Amino acid sequence: MKQCTHPCSVVAHNHTSIERLRAHLIEGHQCLDAWLALSDLVNDPRQRRDCLERAAVLAPENEQIQMAYLQAQLVVEPGDVAAQRRMAEIRTMQLIADVKTLHFHERPKARLIGDILVEIGAISSQELQEVLRYQKSGSVISADRRVGQILLQRGLITPSKLAKALIMQQQERSQLRIAPQVLGEYLVEQNYITPEQLELALAEQLRLDQRGQRLSLGQILVRLTMVTQKQIEEAVDDQQRAFWSKFGY
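For the sequence shown, the tail end lands on 408 under the numbering used here, and the numbers increase by one without skipping.
Below is the structure:
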């Protein structure tokens with residue numbers, strides 16, 4: 160397989176020709192632009208869905224492409240609950256990412272979790288690249304394609320190592336004044352818990368998850384007596400108020 164650059168010059172000159180785009184792909188090119196161009200040219204809903212699925216696999220971090228694929232999937236299979244759920248998750252994360260507390264504003268992004276794991280020596284650069292390639296080949300809808308989870312499943316890192324990297328990422332986000340997106344970050348920002356306590360709780364959550372025991376972070380924190388159930392409820396309510404205040408509620 161040959162990886163195409165983006166934007167692809169071949170597609171730029173042939174974006175209206177189905178035959179030439181197909182020939183480009185048949186030659187063995189993994190070309191995001193070609194699949195996207197084909198999705199605009201084909202008339203059959205299933206063919207359009209298939210083209211967008213290939214594009215979504217090649218661009219797993221592009222939410223716009225992921226949403227386009229999921230919408231096309233629902234045109235073909237309106238009752239696909241997994242696709243509906245995934246669309247709802249993406250929309251929710253997009254909204255949450257837009258929410259800013261009074262103390263936060265836009266700044267550069269924190270490093271990706273894989274890069275942090277390489278820096279602390281938990282994995283090698285080669286192992287990270289292998290996982291990223293695997294991530295692109297997974298199912299767009301159902302598979303858990305988060306880098307940390309793939310590394311755990313492969314036994315390349317321990318829950319403690321992943322928790323440490325997640326805390327480092329959270330601290331970078333805090334230093335960059337990026338708005339907290341998840342409950343754990345919000346609890347640290349509001350001084351309900353310390354970063355060290357969050358690291359311990361995350362490690363415990365990951366260990367339990369490996370055993371098939373799915374507990375929320377709030378449940379873990381209460382179990383470890385780091386916060387009370389009432390404090391969790393207060394924090395969740397505060398976070399929701401900050402979220403909905405963006406829309407005037």
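For each residue, glycine too, the CB sits at the ideal point set by N, CA and C. No experiment lies behind these values; they were computed from the predicted model shown.
Cα-Cα separation between residue i and residue j, rounded to whole angstroms
i: GLU355; j: LEU315; result: 23 Å
i: TYR345; j: MET252; result: 15 Å
i: GLU393; j: LEU376; result: 15 Å
i: SER284; j: GLN328; result: 18 Å
i: LYS323; j: ALA281; result: 10 Å
i: ILE391; j: TYR351; result: 9 Å
i: VAL395; j: GLN189; result: 43 Å
i: MET160; j: SER176; result: Because MET160 carries a pLDDT of 49, less than 50, the predicted location of this residue cannot be relied on, and the following value inherits that uncertainty. Spanning the two alpha carbons is a distance of roughly 22 Å.
i: LEU357; j: CYS163; result: 41 Å
i: LEU291; j: ARG270; result: 15 Å
i: ARG305; j: LEU321; result: 12 Å
i: ILE332; j: ILE275; result: The question names Ile, but residue 332 in the sequence shown is Arg. Cα to Cα, the separation comes out at about 13 Å.
i: GLU212; j: LEU374; result: 32 Å
i: ARG313; j: GLN288; result: 14 Å
i: VAL347; j: LEU367; result: 22 Å
i: LEU361; j: GLN308; result: 13 Å
i: LYS268; j: ASN221; result: 16 Å
i: ILE379; j: ARG400; result: 23 Å
i: LYS389; j: VAL277; result: 38 Å
i: ASP203; j: HIS183; result: 21 Å
i: ASP239; j: ASP199; result: 23 Å
i: ILE279; j: VAL381; result: 30 Å
i: PRO237; j: THR387; result: 42 Å
Residue interval of the alpha helix (DSSP H) (run including residue i)
i: HIS410; result: Given a span of 160 to 408 for the chain in the structure shown, any question on residue 410 remains unanswerable.
i: ASP192; result: 191-200
i: HIS172; result: 168-173
i: PRO354; result: 354-369
i: GLY314; result: No alpha helix (DSSP H) holds GLY314; DSSP gives it neither H nor E.
i: VAL386; result: Premise fails: VAL386 is in no alpha helix (DSSP H) and is neither H nor E.
i: GLU212; result: 204-217
i: SER284; result: 284-296
i: TYR228; result: 222-235
i: GLY273; result: 272-278
i: LEU342; result: 342-348
From the options, residue whose alpha carbon lies closest to that of residue i
i: TYR293; options: ALA182, PRO219, LEU365; result: PRO219
i: LEU217; options: VAL169, LEU229, ARG179, LYS295; result: LYS295
i: VAL201; options: HIS174, GLY371, LEU376; result: HIS174
i: TRP194; options: GLU186, GLY187, CYS210; result: CYS210
i: MET385; options: PRO237, THR353, ILE279; result: THR353
i: ILE249; options: GLN230, PRO166, GLY238; result: GLN230
Beta carbon of residue i nearer than 9 Å to that of residue j
i: PRO318; j: GLU363; result: yes
i: GLN223; j: ARG208; result: no
i: GLN330; j: ASP397; result: no
i: GLN372; j: LEU311; result: no
i: TYR228; j: ALA241; result: no
i: ILE272; j: LEU325; result: yes
i: LEU180; j: LEU191; result: no
i: LEU383; j: LEU359; result: yes
i: ARG245; j: GLN225; result: yes
i: ARG205; j: VAL235; result: yes
Chain B within 9 Å of residue i, Cβ atoms only
i: GLN285; result: Looking at the structure shown, chain B is missing, and only one protein chain is on hand.
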